[in-house]
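Take a look at the structure below.
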Amino acid sequence: MTKKSAIKAKSTQTKKKQISKVKKGNPIDIILAKMAEMDQIGVTEVTEVILLQATGYARNDSTGYRSAIKELIKERGHIDKTSKDKKITYQLTTNGRKYLVDSGQIVVAPEPTNNDELHEHLKGMLSKMVKAPPQKLEAVFNKLKDGNWYSIKELLEVAGYAKADSTGYRRIISGMKTLDILEKSKDTLRFNDNFFKFGRCV
Numbered sequence: 001m002t003k004k005s006a007i008k009a010k011s012t013q014t015k016k017k018q019i020s021k022v023k024k025g026n027p028i029d030i031i032l033a034k035m036a037e038m039d040q041i042g043v044t045e046v047t048e049v050i051l052l053q054a055t056g057y058a059r060n061d062s063t064g065y066r067s068a069i070k071e072l073i074k075e076r077g078h079i080d081k082t083s084k085d086k087k088i089t090y091q092l093t094t095n096g097r098k099y100l101v102d103s104g105q106i107v108v109a110p111e112p113t114n115n116d117e118l119h120e121h122l123k124g125m126l127s128k129m130v131k132a133p134p135q136k137l138e139a140v141f142n143k144l145k146d147g148n149w150y151s152i153k154e155l156l157e158v159a160g161y162a163k164a165d166s167t168g169y170r171r172i173i174s175g176m177k178t179l180d181i182l183e184k185s186k187d188t189l190r191f192n193d194n195f196f197k198f199g200r201c202v
């Protein structure tokens, strides 16, 4: 490779790195959209993990993310922040919700009227946020959908994973915990009452 080619290649790599750092969309709009989406399924306290995933930032001290949160809380009054036991959550304020409706920037989906509609919405959210084979995510989701307790071994078998520390399995369980629809008792798991907003299966 000639010196000129090397310089050109290095320049191209630098440009690619710079481009990769650019976030898609305005983080303020993305955060508000995610807050509205979660509110529609009854999740009024949104964890910081969800907002970081939505905006594409790796950490909450990233300049762009921190600035967006600060503006939404202090300048606009659209969200509130709560910190408890090292867990940070955000809530959409009355002014924030009114802004979303009045501005028409976000079209809020109709609120689910029964468990079936709620489950489809939750399933769609999981498919977007969980980086795991779709068929494996669906297998675990459908297994837990009846509201019964299942052992980790049973969930691993239905999804086709060998171990509980398999990356895909951990991502599936983590996604369900992030949406706050999963509860654990000893070595068993089931969907909690948030998953059955309109009544648990008998």
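Just so we're aligned, residue 1 is where the sequence shown starts under full-length UniProt numbering, counting upward by one. Cβ atoms here follow ideal geometry from the backbone N, Cα and C, with glycine treated the same way.
Counterpart residues of residue i in DSSP-defined beta bridges
{"i": "L182", "result": "F191"}
{"i": "V150", "result": "It is Tyr, not Val, that sits at residue 150 in the sequence shown. DSSP lists L189 as partners of Y150."}
{"i": "S67", "result": "Bridge partners of S67: none, in fact."}
{"i": "S83", "result": "I88"}
Chain-order list of residues whose beta-carbon lies under 6 Å from that of residue i (same chain, five-residue window excluded)
{"i": "D39", "result": "L92"}
{"i": "E75", "result": "none"}
{"i": "F198", "result": "N114, N115"}
Cα-Cα separation, residue i to residue j
{"i": "V140", "j": "D116", "result": "17 Å"}
{"i": "G124", "j": "D29", "result": "20 Å"}
{"i": "T63", "j": "F191", "result": "36 Å"}
{"i": "K21", "j": "T55", "result": "With a pLDDT of only 35 at K21, under 50, the local geometry of the prediction cannot be trusted, and the value read off the model is given with reservation. The alpha-carbon atoms of K21 and T55 are separated by roughly 12 Å."}
{"i": "R170", "j": "A159", "result": "12 Å"}
{"i": "E71", "j": "L155", "result": "42 Å"}
{"i": "T82", "j": "I88", "result": "6 Å"}
{"i": "V52", "j": "A68", "result": "Sequence inspection shows Leu at residue 52; the Val mentioned does not correspond to that position. Near 11 Å, if we compare the C-alpha coordinates of A68 and L52."}
{"i": "T47", "j": "L137", "result": "21 Å"}
{"i": "K23", "j": "K143", "result": "Any reading at K23 is ruled out, since the residue's pLDDT is 45, under 50, leaving its predicted position unreliable."}
{"i": "S127", "j": "S103", "result": "29 Å"}
DSSP-derived helix/strand/coil call for residue i
{"i": "V43", "result": "coil"}
{"i": "S103", "result": "helix"}
{"i": "S127", "result": "helix"}
{"i": "T171", "result": "Note that residue 171 corresponds to Arg in the displayed sequence, not to Thr. DSSP places R171 in helix when its eight states are reduced to three."}
{"i": "N115", "result": "helix"}
{"i": "R59", "result": "coil"}
{"i": "A36", "result": "helix"}
{"i": "R97", "result": "helix"}
{"i": "D29", "result": "helix"}
{"i": "K74", "result": "helix"}
Sequence-distant residues of the same chain with beta carbon closer than 7 Å to residue i, five excluded per side
{"i": "S185", "result": "W149"}
{"i": "D180", "result": "V43, N194"}
{"i": "P27", "result": "T55, G64, Y65, A68"}
Buried versus exposed, by CB contacts within 10 Å (16 or more), residue i
{"i": "K86", "result": "exposed"}
{"i": "T167", "result": "exposed"}
{"i": "V101", "result": "exposed"}
{"i": "A164", "result": "exposed"}
{"i": "A162", "result": "exposed"}
{"i": "T113", "result": "exposed"}
{"i": "A58", "result": "exposed"}
{"i": "P110", "result": "exposed"}
{"i": "T178", "result": "buried"}
{"i": "K153", "result": "exposed"}
{"i": "K131", "result": "exposed"}
Proximal residues to residue i (C-beta, below 8 Å), its chain only, five neighbours per side dropped
{"i": "E183", "result": "L189, R190, F191, N192"}
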